[in-house]
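Numbering (my numbering), first residue to last: 1100 to 1395. Note that beta-carbon positions come from the ideal geometry of N, C-alpha and C, so glycine has one too. Inspection log for the structure reproduced underneath, given as structure tokens.
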């Protein structure tokens, strides 16, 4: 099983992990690394290709990246279980991924590029920007390419992240989560077809955050006054795309299709040349009232 040269070795590792006893999983990961050295080489080439510009990749590479993302998600969710029954420690997961060339990072300031909201606590000030209070799992990066967002609990104003929506609405581009509904293009397919799903590529590159770069519709070019599509306004589509879920929008959340949308958001300079956080930029794009400078 582990000495595999198939086009999608990550798929078979996921299946092997699912079938293994908990005390055997660490050994499976070690054996898989030894048998799949070419994956480390391929990932190193992807990192290098994304050093200065968003690189072109093949359809097969997008499928392969999607399987890698599924594997990373599987391991991170297993290591972050709160019932004390984890089959791996987070240290073991980070070590395995590090040997593949994937960096585990924990950016201290909340942005929807790097962070997935797991729990939300309401701040007294309705406009208070999100403040991270707990890390559940790290963010994973392959150079400038986002592999998996980090899971965090935050304290935030209800006008910025609404409790009951931000952590409970359907999470898109996610295969599964224990505590919330998910929606992914791989859902509903049988057997091999589910593994022919393209990976969503987001990049932190050239002073911008690029969301879903392979999608055809650039939301930055849409006229905000255009009629809503599928009853979502442009700001609501930006929210769903960048956050992968609704954060404040109270509309029905379980049957959307944000997969055609993309946007690039510059990290603009604020007063005195200081960078403005991505979250403040998105608040502006979605036409919410941003917090005062004293709150940020």
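Subject >> Reduced DSSP secondary structure (H/G/I, E/B, other) of residue 1109 >> reply: To locate residue 1109, count along the chain shown from 1; it is residue 10. Helix, per DSSP.
Original post:
Considering only C-alpha positions, which residue in the set 1113, 1314, 1140 and 1335 is nearest to residue 1127?
Top reply: Working through the chain shown from its first residue, we reach residue 1127 at position 28. Closest by alpha carbon: 1113.
Original post:
By Cβ distance below 7 Å, which residues in the same chain neighbour residue 1213 in space, the five residues on each side in sequence not counted?
Top reply: As a position in the chain shown, residue 1213 is number 114, starting the count at 1. Same-chain partners within the cutoff: 1206, 1238, 1248 and 1249.
Subject >> Ranges of the beta strand (DSSP E) found wholly within the segment 1327-1375, counting only runs of at least 3 >> reply: Counting only runs of 3 or more, we get 1360-1365.
Original post:
Considering residue 1135, what are the terminal residues of the alpha helix (DSSP H) in which it resides?
Top reply: Looking up residue 1135 in the chain shown gives position 36. It is not in any alpha helix (DSSP H) - residue 1135 carries neither H nor E in the DSSP assignment.
Original post:
Tell me, which residues are paired with residue 1214 by DSSP?
Top reply: Translated into the one-based positions of the chain shown, residue 1214 becomes position 115. 1249.
**OP:** Could you pull out every residue in the same chain whose Cβ sits closer than 6 Å to the Cβ of residue 1371, ignoring the five residues on either side in sequence?
**Re:** By 1-based counting over the chain shown, the position of residue 1371 is 272. Confidence at residue 1371 is low in this model, with a pLDDT of 41, below 50, so the placement of that residue should be treated as unreliable; the coordinate-derived value is given next. Around residue 1371: no qualifying Cβ.
Subject >> Candidates 1204, 1276 and 1358: closest to residue 1314 by CA position >> reply: Taking the chain shown and counting its residues from 1, the one referred to as residue 1314 is at position 215. Selected option, being the one with the closest Cα: 1358.
Original post:
Can you give the Cα-Cα distance for residue 1192 and residue 1199, rounded to whole angstroms?
Top reply: As a position in the chain shown, residue 1192 is number 93, starting the count at 1. As a position in the chain shown, residue 1199 is number 100, starting the count at 1. Looking at the two C-alpha atoms, the distance is approximately 11 Å.
**OP:** State whether the segment 1223-1240 contacts the segment 1257-1269, with contact taken as three or more CB pairs (one from each stretch) at a distance under 8 Å.
**Re:** In short, these stretches touch, since the Cβ pair count reaches three.
Original post:
If you draw a straight line from the C-alpha of residue 1329 to the C-alpha of residue 1177, how long is it?
Top reply: On the chain shown, residue 1329 is found 230 positions in, with the first residue counted as 1. On the chain shown, residue 1177 is found 78 positions in, with the first residue counted as 1. Taking the straight line from one Cα to the other gives about 36 Å.
**OP:** Rank 1142, 1261, 1320 and 1196 by C-alpha distance to the C-alpha of residue 1360 and give the top, closest one.
**Re:** The residue labelled residue 1360 in the question sits at position 261 within the chain shown. Comparing Cα positions, the closest option is 1320.
Original post:
Three-state secondary structure (DSSP) at residue 1281?
Top reply: As a first step, residue 1281 is located in the chain shown; it is residue number 182 there, counting from the start. Here residue 1281 sits in strand by DSSP.
Original post:
Under 8 Å between the Cβ atoms of residue 1364 and residue 1308?
Top reply: Taking the chain shown and counting its residues from 1, one reaches residue 1364 at position 265. Taking the chain shown and counting its residues from 1, one reaches residue 1308 at position 209. For residue 1364 and residue 1308, yes; Cβs fall inside 8 Å.
**OP:** With a cut-off of 8 Å on the beta carbons, I'd call residue 1108 and residue 1138 a contact; round off their distance for me.
**Re:** Sequence index remark: in the chain shown, residue 1108 carries index 9 (1-based). Sequence index remark: in the chain shown, residue 1138 carries index 39 (1-based). Between residue 1108 and residue 1138, the beta carbon gap of about 6 Å places them in contact (Cβ cut-off 8 Å).
Original post:
Taking the C-alpha atoms as reference points, what is the distance between residue 1167 and residue 1141?
Top reply: If you number the chain shown from 1, residue 1167 lands on position 68. If you number the chain shown from 1, residue 1141 lands on position 42. Rounded to the nearest whole angstrom, the C-alpha separation of residue 1167 and residue 1141 is 12 Å.
Original post:
Smallest Cα separation from residue 1269: which of 1161, 1160, 1122 and 1345?
Top reply: By one-based count along the chain shown, residue 1269 stands at place 170. Checked all of 1161, 1160, 1122 and 1345; the closest Cα to residue 1269 is 1345.
**OP:** Whole angstroms is fine: what's the gap from residue 1134's alpha carbon to residue 1354's?
**Re:** Along the chain shown, read from residue 1 onward, the residue named residue 1134 stands at position 35. Along the chain shown, read from residue 1 onward, the residue named residue 1354 stands at position 255. For residue 1134 and residue 1354, the gap between their C-alpha atoms comes out near 41 Å.
Original post:
Rounded to whole angstroms, how far is the Cβ of residue 1231 from the Cβ of residue 1251, which I believe are closer than 8 Å?
Top reply: Stepping through the chain shown from its first residue, residue 1231 is reached at position 132. Stepping through the chain shown from its first residue, residue 1251 is reached at position 152. With 8 Å as the limit, residue 1231 and residue 1251 qualify as a contact, their Cβ atoms being about 5 Å apart.
Subject >> Whole-angstrom C-beta distance between residue 1211 and residue 1342, which should lie under 8 Å >> reply: Locating residue 1342 in the chain shown gives position 243, where the first residue counts as 1. Locating residue 1211 in the chain shown gives position 112, where the first residue counts as 1. Yes, they are in contact, since the Cβ atoms of residue 1342 and residue 1211 sit about 4 Å apart, within 8 Å.
Original post:
Do you know how far the Cα of residue 1144 is from the Cα of residue 1150?
Top reply: Counted from its first residue, the chain shown places residue 1150 at position 51. Counted from its first residue, the chain shown places residue 1144 at position 45. Their Cα atoms are separated by approximately 10 Å.
**OP:** Compute the beta-carbon to beta-carbon distance between residue 1131 and residue 1179, rounded to the nearest angstrom, for a pair I have assumed lies under 8 Å.
**Re:** Translated into the one-based positions of the chain shown, residue 1131 becomes position 32. Translated into the one-based positions of the chain shown, residue 1179 becomes position 80. That belief does not hold up - the Cβ atoms of residue 1131 and residue 1179 are roughly 21 Å apart, past 8 Å.
Original post:
CB-CB under 6 Å to residue 1279, same chain, minus the five flanking residues each way: which ones, in chain order?
Top reply: Counted from its first residue, the chain shown places residue 1279 at position 180. Cβ neighbours of residue 1279 beyond the five flanking positions: 1267 and 1270.
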